[in-house]
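Trainee: Mind looking over this structure? Questions follow.
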Amino acid sequence: MSGLILKLRRFEGVTGFLAFLLMTCGLYLGLVTSPPDFYQGEIVRIMYIHVPFAKTALLAYTLLFAGSLWYLWRRDPVVDNLCHAAAGISFFFTLIALITGAIWAKPAWGTWWSWDPKLTAFLILWMVEAGYLMLRTMIEDAEQRARYAAIVAIVGFVDLPIVYLAAEWWRTLHQPLSISTRGLSLSREMLTPLALMSIGLDVLLMYLLMIRTQMLYLEHLFAAKQGRLLAHRLRDRHEATDPNE
Amino acid sequence: MRSFNLLYWILWKDILSEIRNRAALVSMLFFALNIILIFSVSFSMSDLEEMMPGLIWTAFGFTAVIGLSTSFVAETHNQCLEYYRLLPTPKGMIYLGKLCGNLLFIVIVGLALLPLFVLFLGLHVRQLSWLIAVVFLGALGLANLGTLFSALTVNLRAREVLFPLLLLPLSVPVFIGATEATAGILRGAPQAAYRHWLDLLGIFDLIFTLLSFWMFEWILDE
């Protein structure tokens, strides 16, 4: 796996540039040239930020889940670095999706927050990721940390569809949404920037994952090296003061 | 067969140690009493009827967190976990043994909560057998994830903080299902009206018993 990272390093610059290009085009088309929505007017433009971030956050969490399974199977420390990177990125993307969602919901639904299944599931996703990242900071042993974190990620991934299902049943029995989001079918002028932003963010995710995984991997190497140096120094000092020598 | 013996002995050990020091049950019951006290001073009695299912499950949920969070602490004394690692049986059986013990204790506390609610908050119990079934299914859901995360956080510095942070968001389906089913039962609705909530609890319990059974192998791994 560390060989793969070295190979992928060559494409790092290209990936970053591609993400920048796609997102710039997507934002320009979305914010400037695309038409306002018939019902929602200019408010709809937040969709070009909100929807891609939400989709990419889910993609990152799916990668985290796959990586966690892979880690438990093969115990590759680089995969653990990848999982850690994916969790951090997914955490921030989910947060952005939640915040932009609340900003969109205020004018569209008349309220900042509603306990609709998607919102509930995203909030739980965010809390699970927060728990995952906190757990990682609290375990010293690298191997145990990776194993326990993988377990939390897998349990969370299995839980999310059930949260969605429960919230859906709960909502449909209590009250229907005041404004359905389903009635919004997209024209080509709106679909193009949305697709560009979505793909752009996916590429950005790949770019961030590469950078962050390398960083975490180097930190891991650095910690190991520091440990070795410390051990050497302690041994030298021990030998210097040892009266038997 | 040896695996089931192990399950039995772990359960028996937990029951015996609980009979001897009564630490978990007594602390859970007094915690529940405290929550009920807070409820009765912070809500007016007139609109309690509507909120009763939510109050029952809030009290029960937090009480279960208190009991479950310390479930593995006793196993860290005298390197008990090390001995568990050496056992030749599947590690999941240790999980099932601990799960049965935890389930037993929190079901006892859940059933003790109901008379307290009747006494202090004026709960009108209807369809008692179904209410007990909901308490059992909800308790199993909480005990499943609780036992898994209790084993996971037992050696951590901030165990008391992290345990509820991991457990509570993931048990949201249990709280939704159990609260809605309890609401149906207390309204005296026909069984068909809340049947699907029992199904949801059952599905959740089944999935997470199997998943935790499987995951426990990696918790005790070295």
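These protein sequence lines map, in sequence, to chains U and D. Residue 230 in the numbering used here is what sits at position 230 of the first sequence, and the numbering runs on without skipping anything. Residue 1133 in the numbering used here is what sits at position 133 of the second sequence, and the numbering runs on without skipping anything. Glycine included, every Cβ here is placed at the ideal spot set by N, Cα and C.
1) On the CB-based measure, 16 or more other CB atoms within 10 Å of its CB, does U/A224 come out buried or exposed?
2) Can you list, in chain order, the stretches of the beta strand (DSSP E) that have 3 or more residues and sit fully within the segment 1086–1126 of chain D?
3) Could you check how far apart the C-beta atoms of D/L1162 and U/L123 are, in whole angstroms? I think they sit under 8 Å.
4) How would you call U/T181, buried or exposed, if buried means at least 16 neighbouring beta carbons within 10 angstroms?
5) Quick check: the Cα distance between U/L59 and U/I46, rounded to an integer number of angstroms?
6) Would you say D/W982 reaches chain U, if we count a Cβ-Cβ gap shorter than 9 Å as a contact?
7) Residues of chain D with a CB under 7 Å from the CB of U/D264: which are they?
8) Secondary structure at U/Q175, three-state DSSP: helix, strand or coil?
9) For the segment 1172–1191 of chain D and the segment 1054–1065 of chain D, state whether three or more C-beta atom pairs, one from each stretch, are separated by less than 8 Å.
10) Is the Cβ-Cβ distance between U/P193 and U/C25 less than 9 Å?
11) Please classify D/D1199: does DSSP put it in a helix, a strand, or coil?
12) Quick check on U/H50: buried or exposed, where buried means 16 or more other Cβ atoms within 10 Å of its Cβ?
13) Checking 9 Å against the spacing of the C-beta atoms, do U/G88 and U/D80 come in under that value?
14) So what does U/D37 bridge to, in DSSP terms?
15) Can you say whether D/I1038 is buried or exposed, counting buried as having 16 or more other CB atoms within 10 angstroms of its CB?
16) Return yes when the Cβ of U/A167 is within less than 9 Å of the Cβ of U/P117, no when it is not.
17) To the nearest angstrom, how far is the alpha carbon of U/A97 from that of D/Q1127?
18) Hey, how far is the Cα of D/K1013 from the Cα of D/L1007?
19) Answer with yes or no whether the minimum CB distance from U/R74 to chain D is below 9 Å.
20) Considering only residues of the same chain and omitting the five flanking positions on each side of D/G1184, which have a CB-CB separation below 8 Å?
21) Counting only beta-carbon separations shorter than 9 Å, does D/H1196 have a partner in chain U?
22) Would you say U/I162 faces chain D, with C-beta separation under 9 Å as the test?
23) Please classify D/P1190: does DSSP put it in a helix, a strand, or coil?
24) According to the neighbour-count rule (16 or more other Cβ atoms, all chains shown, within 10 Å of its Cβ), is U/G183 buried or exposed?
25) Taking 8 Å as the threshold, find out whether the segment 137–150 of chain U comes into contact with the segment 104–117 of chain U through three or more Cβ pairs.
26) Among D/R1002, D/I1019, D/L1113 and D/I1203, which residue has its Cα nearest to the Cα of D/L1137?
27) Please return the same chain residues whose Cβ sits closer than 7 Å to the Cβ of U/Q175, not counting the five positions on each side in sequence.
28) Please report how far the alpha carbon of D/E1160 lies from the alpha carbon of U/S187, in whole angstroms.
29) U/W169 touches chain D at which residues, Cβ-Cβ below 9 Å?
30) My assumption, with CB atoms under 8 Å, is that D/L1002 sits in contact with U/M138. Please give the rounded CB distance.
31) Nearest CA to the CA of D/L1131: which residue from D/V1041, D/Q1191, D/I1207 and D/I1066?
32) At a CB-CB cut-off below 7 Å, which residues of chain U make contact with D/W1218?
Mentor: The answer reads as follows:
1) The residue given as residue 224 of chain U occupies position 224 in the first sequence. Flag for U/A224 reads exposed.
2) none
3) The sequence position of residue 1162 of chain D within the second sequence is 162, counting from 1. The sequence position of residue 123 of chain U within the first sequence is 123, counting from 1. The beta-carbon distance between D/L1162 and U/L123, rounded to whole angstroms, is 19 Å. This is too long to meet the 8 Å contact definition.
4) Working through the first sequence from its first residue, we reach residue 181 of chain U at position 181. Here the model assigns U/T181 a pLDDT of 49, short of 50, so the residue's position is not dependable, and the following value carries that caveat. With fewer than 16 other Cβ atoms within 10 Å, it is exposed.
5) Within the first sequence, numbered from 1, the residue matching residue 59 of chain U stands at position 59. Within the first sequence, numbered from 1, the residue matching residue 46 of chain U stands at position 46. Roughly 20 Å separates the two Cα atoms.
6) Only positions 1001 to 1222 of chain D appear in this structure, which leaves residue 982 of chain D out of reach.
7) As displayed, chain U neither begins before 1 nor continues past 245, which places residue 264 of chain U out of reach and without an answer.
8) To locate residue 175 of chain U, count along the first sequence from 1; it is residue 175. With a pLDDT of 46 at U/Q175, under the threshold of 50, the modelled position of this residue cannot be trusted, and the question is left open.
9) yes
10) Within the first sequence, residue 193 of chain U is the residue found at index 193, counting from 1. Within the first sequence, residue 25 of chain U is the residue found at index 25, counting from 1. In contact: U/P193 and U/C25 (Cβ atoms closer than 9 Å).
11) Locating residue 1199 of chain D in the second sequence gives position 199, counting from the first residue. In the three-state reduction of the DSSP assignment, D/D1199 falls in the helix class, which pools H, G and I.
12) Position 50 of the first sequence, counted from the first residue, corresponds to residue 50 of chain U. U/H50 should be labelled buried.
13) As a working mapping, residue 88 of chain U is identified with position 88 in the first sequence. As a working mapping, residue 80 of chain U is identified with position 80 in the first sequence. No. Outside cutoff.
14) In the first sequence, residue 37 of chain U corresponds to position 37, counting from 1. Answer by DSSP bridge pairing, in chain order: U/G41.
15) Indexing the second sequence from 1 puts residue 1038 of chain D at position 38. Exposed, because fewer than 16 other Cβ atoms sit within 10 Å of the Cβ of D/I1038.
16) Taking the first sequence and counting its residues from 1, the one referred to as residue 117 of chain U is at position 117. Taking the first sequence and counting its residues from 1, the one referred to as residue 167 of chain U is at position 167. The beta carbons of U/P117 and U/A167 sit closer together than 9 Å.
17) Here the question's residue 97 of chain U lines up with position 97 in the first sequence. Here the question's residue 1127 of chain D lines up with position 127 in the second sequence. Rounded to whole angstroms, U/A97 to D/Q1127 spans 44 Å at the Cα level.
18) One-based indexing of the second sequence puts residue 1013 of chain D at position 13. One-based indexing of the second sequence puts residue 1007 of chain D at position 7. Each residue's Cα considered, the two are about 10 Å apart.
19) The count along the first sequence starts at 1 and reaches residue 74 of chain U at position 74. So no, U/R74 is outside the interface.
20) In the second sequence, residue 1184 of chain D corresponds to position 184, counting from 1. For D/G1184, where only same-chain residues beyond five positions count, the Cβ hits under 8 Å are A1193, Y1194 and W1197.
21) Mapped onto the second sequence, residue 1196 of chain D falls at position 196. Answer yes: the Cβ-Cβ gap between D/H1196 and chain U drops below 9 Å somewhere.
22) Working through the first sequence from its first residue, we reach residue 162 of chain U at position 162. Output row for U/I162: interface = yes.
23) Residue numbering aside, residue 1190 of chain D sits at position 190 when the second sequence is read from its first letter. Coil, per DSSP.
24) The residue you call residue 183 of chain U lines up with position 183 of the first sequence. Low per-residue confidence applies at U/G183: pLDDT is 49, beneath 50, and the placement is therefore not dependable, though the value from the model is reported in the following sentence. U/G183 should be labelled exposed.
25) no
26) Here the question's residue 1137 of chain D lines up with position 137 in the second sequence. It is D/I1203.
27) Along the first sequence, one-based indexing puts residue 175 of chain U at 175. With a pLDDT of 46 at U/Q175, under the threshold of 50, the predicted position of this residue should be treated as unreliable, though the coordinate-derived value follows. So the list is empty, once near-sequence residues are dropped.
28) On the second sequence, residue 1160 of chain D is found 160 positions in, with the first residue counted as 1. On the first sequence, residue 187 of chain U is found 187 positions in, with the first residue counted as 1. Roughly 52 Å separates the two Cα atoms.
29) Locating residue 169 of chain U in the first sequence gives position 169, counting from the first residue. The answer, in chain order, is I1176, G1177, E1180, H1196, W1197 and L1200.
30) As a first step, residue 1002 of chain D is located in the second sequence; it is residue number 2 there, counting from the start. As a first step, residue 138 of chain U is located in the first sequence; it is residue number 138 there, counting from the start. It should be pointed out that residue 1002 of chain D corresponds to Arg in this sequence rather than to Leu. At roughly 35 Å, the Cβ-Cβ gap does not stay under 8 Å, so D/R1002 and U/M138 are not in contact.
31) Residue numbering aside, residue 1131 of chain D sits at position 131 when the second sequence is read from its first letter. The candidate whose alpha carbon is nearest that of D/L1131 is D/Q1191.
32) The residue labelled residue 1218 of chain D in the question sits at position 218 within the second sequence. Going along chain U in sequence order, the residues near D/W1218 (Cβ under 7 Å) are L72, R147 and I151.
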